[in-house]
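Engineer:
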Amino acid sequence: MSEKRHRLLPIIALCIFCALIGGFTSAAILKYVYADVFDAIEAQTAVVATVNGNADSNNSAAFLTDSSSTQASSSPVVRVAKEVGPAVVGITNYQTVYRYRYGSGYTPQLVEAGTGSGFIIDAKNGYIVTNNHVIQNAQKITVSLSDGRTLDAKVVGRDSITDLAVVQISDTSNLTEVKIGDSSALEVGEYVVAIGNPGGNEFARSVTAGVISAINRTITVSNRVTLYNMLQTDAAINPGNSGGPLVNYSGEVIGINSAKYAVQGFEGMGFAIPISDVTPIIKQLVDNGVAKHPALRVSISDQYLQYAKQHNLPLGAYIYEVDPDGPAARAGIQRGDVITHVNDARVRNATELIGEIYKHNIGDKVTITFIRNGQTKKVKVTLGEMIP
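Take any residue in the sequence shown, note its place counting from 1, add 16, and you have its number in the numbering used here.
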């Protein structure tokens, strides 16, 4: 048995020797064939070893930091957030509630009723734009600034029709105002950034990014106000974002975030008021405290639409009452007429008629096309002022 073992030892040693020679030879051949790959691996290993070993680690770390910081600073979203963020404010609406206290009965108490956002349009005078529904029914309004200050605000003007409001703070030190852009030139697919306070001041000046998903949308918000020509975006808009700015990559406000399509199963459907449509309204609120709107001074109904579909009649806005002293009456429009066009714009219902009229100003002349007793007629109407 011992003799047999002695005979095997030289054979085992020879096998091990051959295996070692084969391994070294294979490695040498691979390195020769894949020289570029091995050089890259060695170079990368050397960098990692240098950084981890702290040999000239300051220079290596500085290179990596500079590279990442340059990439971040070149991001348009980062730049927009830095430029516009300081001009975005939080708005808190306080209202009085009556609570029962033992020994005192029901006593009034001022409590937080809701929160929203806004943005400074005039730093010198402390004017801030927001949504009307953010400050509606408020007994007290406070504004939270980016520097940590919380100030009382007063209502300068509000307009329920366009869901807009302007509030003012008295302390105007170190304020930043936004730049106003042109929403009329927007195209679907353009990049935008939404900034606001979703959920209140705890998440102040949150930044979300997306694109303009659609234009000229008509929506009805929670307080039953219908808004026209709205911008649709997939930038996340949540409760508390209302009144905050929608901004393009040039850092210009092109919309006022106002609503979200909050139906189960739908995501990424937020809506903003186009800034160019309401810049005149904002100016009126600042100058006069109220806004005036153009009108035909007629009452319209959509009950006609079902009848029209059943009888294959043209769709339109059915007139069921006409103000005898209004511009429509002066132009000859009567009860029972069905308006189908404002200038060249097609009108299929009451909502579309109002939306087209709101695109004009008081005193503008428009061509109204309507159907009366099966005949199509056209008249020129000078738009009047809506009576509250």
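Glycine is no exception: its CB is placed at the ideal position from the N, C-alpha and C atoms.
All values reported here derive from a predicted model rather than from experimental measurement.
Sort I231, N141, S274, I270 by Cα distance to Q248 and report the nearest one.
Structural biologist: In the sequence shown, the residue the question calls residue 248 occupies position 232. The option with the nearest alpha carbon to Q248 is I231.
Engineer: Using only CA atoms, which one of E193, E372, L312 lies nearest to P343?
Structural biologist: Taking the first residue of the sequence shown as position 1, residue 343 is located at position 327. Checked all of E193, E372, L312; the closest Cα to P343 is L312.
Engineer: Of all the options T131, P124, G260, which has the alpha carbon lying nearest to the alpha carbon of P290?
Structural biologist: Translated into the one-based positions of the sequence shown, residue 290 becomes position 274. It is G260 whose Cα lies nearest to the Cα of P290.
Engineer: Taking three-plus beta-carbon pairs below 8 Å as touching, is the stretch 126-135 in contact with the stretch 252-270?
Structural biologist: A contact exists between the stretch 126-135 and the stretch 252-270.
Engineer: Excluding the five sequence neighbours on either side, which residues of its own chain have a C-beta within less than 7 Å of the C-beta of V100, listed in chain order?
Structural biologist: Along the sequence shown, read from residue 1 onward, the residue named residue 100 stands at position 84. The answer, listed in chain order, is V194, I211, P261, V263, G267.
Engineer: If you drop the 5 nearest sequence neighbours on each side, which residues of the same chain put their C-beta closer than 7 Å to that of E58?
Structural biologist: One-based indexing of the sequence shown puts residue 58 at position 42. Residue placement at E58 is poorly supported in this model, since its pLDDT is 45, which falls under 50; the coordinates are not used for a value here.
Engineer: Enumerate in chain order the residues of its own chain whose CB-to-CB distance from G8 is below 6 Å, with the five nearest sequence positions on each side excluded.
Structural biologist: The requested residue 8 is not part of the displayed model; the chain covers only 17 to 404.
Engineer: With a 10 Å radius around its C-beta and 16 neighbouring C-beta atoms as the bar for buried, classify H327 as buried or exposed.
Structural biologist: Residue 327 sits at position 311 when you count from the first residue of the sequence shown. Classification for H327: exposed.
Engineer: By alpha-carbon positions, which one of V204, D250, T242, R233 ends up nearest to G226?
Structural biologist: Residue mapping note: residue 226 aligns to position 210 of the sequence shown, counting from 1. Answer by Cα proximity: D250.
Engineer: In terms of DSSP beta bridges, what is R115 paired with?
Structural biologist: Locating residue 115 in the sequence shown gives position 99, counting from the first residue. Note: R115 sits in a beta bridge opposite T123.
Engineer: Quick one: grab the DSSP three-state call for T192.
Structural biologist: The sequence position of residue 192 within the sequence shown is 176, counting from 1. Correct three-state label for T192: coil.
Engineer: Tell me, to the nearest whole angstrom, how far the beta carbon of L126 is from that of T146; I am working on the premise that it is less than 8 Å.
Structural biologist: Taking the first residue of the sequence shown as position 1, residue 126 is located at position 110. Taking the first residue of the sequence shown as position 1, residue 146 is located at position 130. Contact flag wrong, Cβ pair sits at about 20 Å.
Engineer: Excluding the 5 residues preceding and the 5 following N75 in the sequence, name in chain order all residues of the same chain whose CB lies nearer than 6 Å to its CB.
Structural biologist: Within the sequence shown, the letter at position 59 stands for residue 75. Unreliable positioning characterises N75 in this predicted model, as indicated by a pLDDT of 47, which lies under 50. A coordinate reading is not provided.
Engineer: With 16 as the cutoff for other CB atoms within 10 Å, does K276 come out buried or exposed?
Structural biologist: Translated into positions along the sequence shown, residue 276 becomes position 260. Classification of K276: buried, given that the 10 Å Cβ count is 16 or more.
Engineer: Helix, strand or coil for R388 per DSSP?
Structural biologist: Taking the sequence shown and counting its residues from 1, the one referred to as residue 388 is at position 372. Reduced to three states, the DSSP call for R388 is strand.
Engineer: Could you have a look at G267 and say whether DSSP puts it in helix, strand or coil?
Structural biologist: Sequence index remark: in the sequence shown, residue 267 carries index 251 (1-based). Coil at G267, not helix or strand.
Engineer: Tell me which same chain residues have a C-beta within less than 6 Å of the C-beta of R388, skipping the five on either side of it?
Structural biologist: For this step, residue 388 is matched to residue 372 along the sequence shown. Same-chain partners within the cutoff: D353.
Engineer: Can you tell me whether P296 is buried or exposed? The criterion is at least 16 other CB atoms within 10 Å of its CB, across all chains shown.
Structural biologist: Numbered from 1 along the sequence shown, position 280 holds the residue referred to as residue 296. It counts as exposed.
Engineer: Does the structure place the stretch 316-325 close enough to the stretch 180-191 that three or more beta carbon pairs sit under 8 Å?
Structural biologist: no
Engineer: Which partner residues does A345 have in the DSSP bridge list?
Structural biologist: The count along the sequence shown starts at 1 and reaches residue 345 at position 329. Answer by DSSP bridge pairing: none, since A345 is not bridged.
Engineer: Taking Cβ positions, are I335 and R351 nearer each other than 8 Å?
Structural biologist: Residue numbering aside, residue 335 sits at position 319 when the sequence shown is read from its first letter. Residue numbering aside, residue 351 sits at position 335 when the sequence shown is read from its first letter. It is a contact, given that the beta carbons lie within the stated cut-off.
Engineer: Since S274 contacts L243 with CB under 8 Å, what's their CB separation in whole angstroms?
Structural biologist: Within the sequence shown, residue 274 is the residue found at index 258, counting from 1. Within the sequence shown, residue 243 is the residue found at index 227, counting from 1. Taking the Cβ atoms as the reference, S274 lies roughly 7 Å from L243, within the contact range of under 8 Å.
Engineer: In the stretch 173-255, which residue ranges form an unbroken beta strand (DSSP E) of at least 3 residues, counting only runs that do not cross its ends?
Structural biologist: 180-185, 207-212, 222-236, 242-249
Engineer: Determine the DSSP secondary structure at R364, reduced to helix, strand or coil.
Structural biologist: Residue numbering aside, residue 364 sits at position 348 when the sequence shown is read from its first letter. Three-state DSSP puts R364 in coil, outside helix and strand.
Engineer: If you drop the 5 nearest sequence neighbours on each side, which residues of the same chain put their C-beta closer than 7 Å to that of A139?
Structural biologist: To locate residue 139, count along the sequence shown from 1; it is residue 123. Excluding residues within five positions, the ones whose Cβ falls inside 7 Å are T188, L191, T192, E193.
Engineer: Once the 5 residues before and after D163 are set aside, which same chain residues still bring their CB inside 7 Å of it?
Structural biologist: Working through the sequence shown from its first residue, we reach residue 163 at position 147. Excluding positions up to five away in sequence, the list reads N190.
Engineer: Are there 16 or more other CB atoms within 10 angstroms of the CB of N377, so buried, or fewer, so exposed?
Structural biologist: Sequence index remark: in the sequence shown, residue 377 carries index 361 (1-based). By the neighbour-count rule (16 or more Cβ atoms within 10 Å), N377 is not buried but exposed.
Engineer: Tell me whether R221 is buried or exposed, calling it buried when 16 or more other Cβ atoms sit within 10 Å of its Cβ.
Structural biologist: Within the sequence shown, numbered from 1, the residue matching residue 221 stands at position 205. When all chains shown are included, R221 counts as buried.
Engineer: Assuming A307 and D175 are in contact, meaning their beta carbons sit under 8 Å apart, how far apart are those beta carbons, in whole angstroms?
Structural biologist: Against the sequence shown, residue 307 aligns to sequence position 291. Against the sequence shown, residue 175 aligns to sequence position 159. Between D175 and A307 the Cβ distance is about 4 Å, and since that is below 8 Å, they are a contact.
Engineer: Which residue's Cα is closest to the Cα of D339: K396, G400, G379?
Structural biologist: Stepping through the sequence shown from its first residue, residue 339 is reached at position 323. Nearest of K396, G400, G379 to D339, Cα basis: G400.
Engineer: So, under 8 Å CB-CB, K156 and Y110 are touching, yes? Tell me the CB distance rounded to an integer number of Å.
Structural biologist: The sequence position of residue 156 within the sequence shown is 140, counting from 1. The sequence position of residue 110 within the sequence shown is 94, counting from 1. Yes, they are in contact, since the Cβ atoms of K156 and Y110 sit about 4 Å apart, within 8 Å.
Engineer: List the residues that DSSP assigns as beta-bridge partners of P290.
Structural biologist: Along the sequence shown, one-based indexing puts residue 290 at 274. Note: P290 sits in a beta bridge opposite G271.
Engineer: Just list the residues that DSSP pairs A333 with in beta bridges.
Structural biologist: Here residue 333 corresponds to residue number 317 of the sequence shown, with the count starting at 1. According to DSSP, which records beta bridges pairwise, A333 is partnered with I355.
Engineer: Pick helix, strand or coil for D303, following the three-state DSSP scheme.
Structural biologist: Translated into positions along the sequence shown, residue 303 becomes position 287. Residue state, collapsed to three classes: helix.
Engineer: When you compare each of G271, A345, E218 to Y207 by their alpha carbons, which one comes out closest?
Structural biologist: Along the sequence shown, read from residue 1 onward, the residue named residue 207 stands at position 191. The candidate whose alpha carbon is nearest that of Y207 is G271.
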